[in-house]
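To keep things clear, I will list the structure first and then write my remarks on it.
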Amino acid sequence: MSAPLPIAKPTEVRRAAARLVRADRATFAAVIGTNCAAAAAGLLAPWLVGQIVNGVQAGHGLAEIDRLGLLVVLAAVGQFALGYLARYLGYRFGERTASRLREQLTDRLMRLPARTVERAGAGDLTSRATTDAGLVATVLRDAAPEVLFALIQALIVLTALFLLSPVLGGVALVALLAIPLVVRWYLRRARPAYLAQSASHAEVADALATTAAGARTVELLGLQERRRAASADSVATATTAQLRTLRLRTVFFPTIDISTALAVGAVFCVGGLLYLDQVISLGAVVAATLYLRQLSGPVDTLMIWIETLQSSLASFARVEGLGAETERTTAPRAPSPVDERIVITDVYYAYGETGDVLEGVSLDVQAGEHLAIVGTSGAGKTTLGRLIAGIDRPRQGSVTVGGVETVDLPPEELRNHVVLITQEHHVFADSLRDNLTIAAPHASDGELIAALHAVGADWVDELPEALDADLGSHELSGAQAQHVALARVLLADPHTIVLDEATALLDPRAARHTERALAATAQGRTVIAVAHRLHTARDADRIAVMDAGRITELGTHDELSATDGAYATLWRAWTGRPSELG
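So in the working numbering the end of the sequence shown lands on 578, straight run, no missing numbers.
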């Protein structure tokens, strides 16, 4: 069952936005300055038009009118030039900030513990890293400069309107009162609505990803209708969430349009009455009307972007929630291990609310020892391997390396000590060299080839491009991909290797060859192998037999096979019928 990742609180989102602004404060200040200058330049044209009207009415000469007309043109050109510069700086700021946000997101994703990634589900992480991050980047790049320019322009236009005529400014303000009221109504309801919409999209992505990943199982077990129903349920939830935001928009946008139209009409009518009473000049009425008409531009811009801003704030909260999760799961700096000894003390572990799958497990693994863990399916072998590798935290008890709990070590340090390798592996669509150097960035080509040969990957000698072979176009078999995964472990050079079905995709003969090659290469290291083929156990220094979450037997192969216990029974079954156990 997936455990959703946290969502940042509004205060955390504001602090994160402030950090992004401070990171490029000089450009942000330039954006503010040029926007103010562009907005101020935009005030000249309406005022000059009003002066032209007054001049014509007063019978001024044509030369005076032409001079004012030329100034109108120059003011428009100046506003265009300053507006262009302001938008250029705004887009530049947005692109830099979006890039910084993506880098921060990637860093946080890489630092999430494996247990958190597994429990979050593919849909939630994928949605946050693609849809949510993409929307926030788009807003930073496109919406933020436009909204900033619109806000500054609206404030300056309203100020100029009040300076021109306090009466007409008051009339406009009263007519526009519906806008802040409906905005407040909308914002109070928009955040939860858009968070629910983003979460529903993650559910759809998770349902599709789960179905695609288990396509073969779905087909073999005839689960098509069940998976179709699950997908339909998630789509229905997403549709309901989208209809909720749609209802908010059907109230919000018409109210804004009606308010701006009423404001223009009210100023024009009241201004006309004041002109007839000779309280205000005709030019002032024209300028005020033009100012208010000019105000509709930034208001429209704000309204166009406000929906995107709300959904992006919800997305930003989801993206920033990864930061909270990273901080929550990052332990304080632990002391460095004093040696390579692995000690498991009275460990209990349960998945969720189910019963314990490990009960009172204790084990002391000495440095350089080769330990095999055997048992039937469901005995707890894989779970114990995960705890040793520091992926999961015991419910009770401790797992330490060199006296330090494995879950308290930072991942980058823990992997210098203990590495887990399973039959689940990933090959990046890149060269073979790059797939190996992620484990050892400074390794030479000779060392890379030696690591491949050590795990039985002699097929590398048959590749025409050798280490430069593109694994995106040259598809590897399951066994070859596992060779790459095993070679990475050798290159990482940890002192302890935990193997859980690491050779499951190889045929028995190839698996035995690879395990022996790996054992030879791992001389001086501790190897803990979850053994599903018992010849692995026979080669081990000691064998731990697990049953129902407990270690029931511990000893060498000869000691355990000489008794009439669980291991002896497993060994007789294995030698009599060489097929995999559990």
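Even glycine gets a Cβ: it sits at the ideal position worked out from N, Cα and C.
Under the assumption that Ala171 contacts Ala259 (Cβ atoms under 8 angstroms), give the Cβ distance between them as a whole number of angstroms.
On the sequence shown, position 175 is the one that residue 171 refers to. On the sequence shown, position 263 is the one that residue 259 refers to. The C-beta distance from Ala171 to Ala259 rounds to 4 angstroms, short enough to meet the 8 angstroms contact threshold.
Taking the Cβ atom as the reference point for each residue, do Leu566 and Val370 lie within a distance shorter than 8 angstroms?
As a working note, residue 566 is residue 570 in the sequence shown. As a working note, residue 370 is residue 374 in the sequence shown. Between Leu566 and Val370, the CB-CB gap stays under 8 angstroms.
Classify Met542: buried if its beta carbon has 16 or more other beta carbons within 10 angstroms, exposed otherwise.
In the sequence shown, counting from the first residue as 1, residue 542 sits at position 546. Taking all protein chains shown into account, Met542 has 16 or more neighbouring C-beta atoms within 10 Å of its C-beta and is therefore buried.
I need the boundaries of the beta strand (DSSP E) containing Ser394, first residue and last residue.
Stepping through the sequence shown from its first residue, residue 394 is reached at position 398. Gln392 to Val397 is the extent of the beta strand (DSSP E) around Ser394.
Quick check on the DSSP output: the alpha helix (DSSP H) that includes Ala195 runs from which residue to which?
Position 199 of the sequence shown, counted from the start, is the residue given in the question as residue 195. Here the alpha helix (DSSP H) through Ala195 covers Ala174 to Ala209.
Closest to Leu242 by C-alpha separation, out of Val178, Ala186, Ser95 and Asp273, would be which residue?
Position 246 of the sequence shown, counting from 1, holds the residue named residue 242. Answer by Cα proximity: Ala186.
Report the rounded CA-to-CA distance for Leu428 versus Pro437, giving the unit in angstroms.
Here residue 428 refers to the residue found at position 432 when the sequence shown is read from its first residue. Here residue 437 refers to the residue found at position 441 when the sequence shown is read from its first residue. Using only the alpha carbons, I get a separation of about 13 angstroms.
So Ala262 and Leu160 are supposed to be a Cβ contact under 8 angstroms. How far apart are they, rounded?
Reading the sequence shown from its first residue, position 266 is the one you call residue 262. Reading the sequence shown from its first residue, position 164 is the one you call residue 160. About 15 angstroms; that fails the 8 angstroms criterion.
Straight-line Cα distance separating Val295 from Leu183:
Mapped onto the sequence shown, residue 183 falls at position 187. Mapped onto the sequence shown, residue 295 falls at position 299. Roughly 16 angstroms between the two C-alpha positions.
Less than 8 angstroms between the beta carbons of Phe248 and Val143, yes or no?
On the sequence shown, position 252 is the one that residue 248 refers to. On the sequence shown, position 147 is the one that residue 143 refers to. Their beta carbons are not under 8 angstroms apart, which means Phe248 does not touch Val143 by this criterion.
What does DSSP give as the partner residue(s) for Asp466 in the beta ladder?
Your numbering for residue 466 matches position 470 in the sequence shown. Ser427.
On the DSSP bridge list, what partners appear for Arg538?
The residue labelled residue 538 in the question sits at position 542 within the sequence shown. The beta-bridge partner set that DSSP reports for Arg538 consists of Leu367.
So which of Pro2, Leu64, Thr93 and Leu85 has the shortest CA-CA distance to Ala19?
Along the sequence shown, read from residue 1 onward, the residue named residue 19 stands at position 23. Looking at the Cα atoms, Thr93 is the closest of the given residues.
Report the option in Arg568, Thr522, Leu410 and Tyr87 whose CA atom is closest to the CA atom of Arg107.
Translated into positions along the sequence shown, residue 107 becomes position 111. Considering only alpha carbons, the answer is Leu410.
Rounded straight-line distance, which links the Cα of Thr251 to that of Glu99:
Your numbering for residue 99 matches position 103 in the sequence shown. Your numbering for residue 251 matches position 255 in the sequence shown. Going from the Cα of Glu99 to the Cα of Thr251 covers about 40 angstroms.
Who are the near neighbours of Ala544 in its chain, counting only those whose CB is closer than 7 angstroms to its CB and skipping five residues on each side?
Position 548 of the sequence shown, counting from 1, holds the residue named residue 544. Excluding its 5 nearest sequence neighbours in each direction, Ala544 has C-beta neighbours in its own chain below 7 angstroms: Ala375, listed in chain order.
Tell me, which residues are paired with Tyr580 by DSSP?
This structure does not reach residue 580, given that the chain is present from -3 up to 578, and the question cannot be answered.
Could you please give the first and the last residue of the uninterrupted alpha helix (DSSP H) stretch that includes Gly551?
As a working note, residue 551 is residue 555 in the sequence shown. Where Gly551 is concerned, there is no enclosing alpha helix (DSSP H), although the beta strand (DSSP E) around it starts and stops at Arg546 to Gly551.
Run through DSSP, which three-state label would Asp229 get?
Locating residue 229 in the sequence shown gives position 233, counting from the first residue. Looking at Asp229 - three-state DSSP - the assignment turns out to be helix.
Between the segment 302 to 321 and the segment 119 to 133, can you find at least three pairs of beta-carbon atoms closer than 8 angstroms?
With a cut-off of 8 angstroms, the segment 302 to 321 and the segment 119 to 133 count as touching, because enough Cβ pairs lie within range.
Taking Ala77 as part of the alpha helix (DSSP H), name the residues at either end of that continuous run.
Position 81 of the sequence shown, counting from 1, holds the residue named residue 77. Taken as a continuous stretch (DSSP letters only), the alpha helix (DSSP H) holding Ala77 covers Leu58 to Arg107.
Might you give, ordered along the chain, the residues of its own chain that have their beta carbon closer than 6 angstroms to the beta carbon of Ala453, omitting 5 neighbours on each side?
Here residue 453 refers to the residue found at position 457 of the sequence shown. So the list reads His479, once near-sequence residues are dropped.
State whether the segment 30 to 39 contacts the segment -1 to 18, with contact taken as three or more CB pairs (one from each stretch) at a distance under 8 angstroms.
Contact between the segment 30 to 39 and the segment -1 to 18 is absent, because fewer than three Cβ pairs lie under 8 angstroms.
N-terminal and C-terminal residue of the alpha helix (DSSP H) that Ile417 is part of:
Here the question's residue 417 lines up with position 421 in the sequence shown. Where Ile417 is concerned, there is no enclosing alpha helix (DSSP H), although the beta strand (DSSP E) it sits in stretches over Val414 to Thr418.
Report, in whole angstroms, the separation of the C-beta atoms of Tyr287 and Pro42, which I expect to be a contact under 8 angstroms.
The residue you call residue 287 lines up with position 291 of the sequence shown. The residue you call residue 42 lines up with position 46 of the sequence shown. Their Cβ separation, rounded to whole angstroms, is 5 angstroms, which keeps Tyr287 and Pro42 in contact under 8 angstroms.
Would you mind reading off the limits of the beta strand (DSSP E) that contains Glu355?
In the sequence shown, the residue the question calls residue 355 occupies position 359. Unbroken beta strand (DSSP E) run through Glu355: Asp352 to Val361.
Could you check how far apart the C-beta atoms of Val400 and Val343 are, in whole angstroms? I think they sit under 8 angstroms.
For this step, residue 400 is matched to residue 404 along the sequence shown. For this step, residue 343 is matched to residue 347 along the sequence shown. Between Val343 and Val400 the Cβ distance is about 16 angstroms, and since that is not below 8 angstroms, they are no contact.
Suppose contacts are defined by Cβ-Cβ distances below 8 angstroms. Is Ala203 in contact with Ala237 by that definition?
Here the question's residue 203 lines up with position 207 in the sequence shown. Here the question's residue 237 lines up with position 241 in the sequence shown. A distance of 8 angstroms or more separates the beta carbons of Ala203 and Ala237.
Helix, strand or coil: which one does DSSP assign to Glu576?
Stepping through the sequence shown from its first residue, residue 576 is reached at position 580. Any reading at Glu576 must be qualified, since the residue scores a pLDDT of 43, below 50, and its modelled position is unreliable; the value itself is stated next. Coil.
Outcome for Ala447 when other beta-carbon atoms lying within 10 angstroms are tallied against a minimum of 16
Within the sequence shown, the letter at position 451 stands for residue 447. Under this definition Ala447 is a buried residue.
Span separating the alpha-carbon of Tyr84 from that of Asn50
Locating residue 84 in the sequence shown gives position 88, counting from the first residue. Locating residue 50 in the sequence shown gives position 54, counting from the first residue. Computed Cα separation, rounded: 37 angstroms.
Range of the contiguous beta strand (DSSP E) that encloses Thr134
Walking along the sequence shown from the start, residue 134 turns up at place 138. For Thr134, no beta strand (DSSP E) run applies; the uninterrupted alpha helix (DSSP H) run containing it begins and ends at Ala129 to Thr134, by DSSP.
Bridge partner(s) assigned by DSSP for Glu401:
Indexing the sequence shown from 1 puts residue 401 at position 405. Listed as beta-bridge partners of Glu401 by DSSP are Thr396.
Does the separation of the CB atoms of Thr522 and Val415 fall below 8 angstroms?
Stepping through the sequence shown from its first residue, residue 522 is reached at position 526. Stepping through the sequence shown from its first residue, residue 415 is reached at position 419. With respect to Val415, Thr522 sits apart: the two C-beta atoms are not nearer than 8 angstroms.
Ends of the alpha helix (DSSP H) at Asp441?
Along the sequence shown, one-based indexing puts residue 441 at 445. Start and end: Asp441 to Ala450.
Can you grab the Cα-Cα spacing for the pair Phe76 / Arg484, in whole Å?
In the sequence shown, the residue the question calls residue 76 occupies position 80. In the sequence shown, the residue the question calls residue 484 occupies position 488. Using only the alpha carbons, I get a separation of about 58 angstroms.
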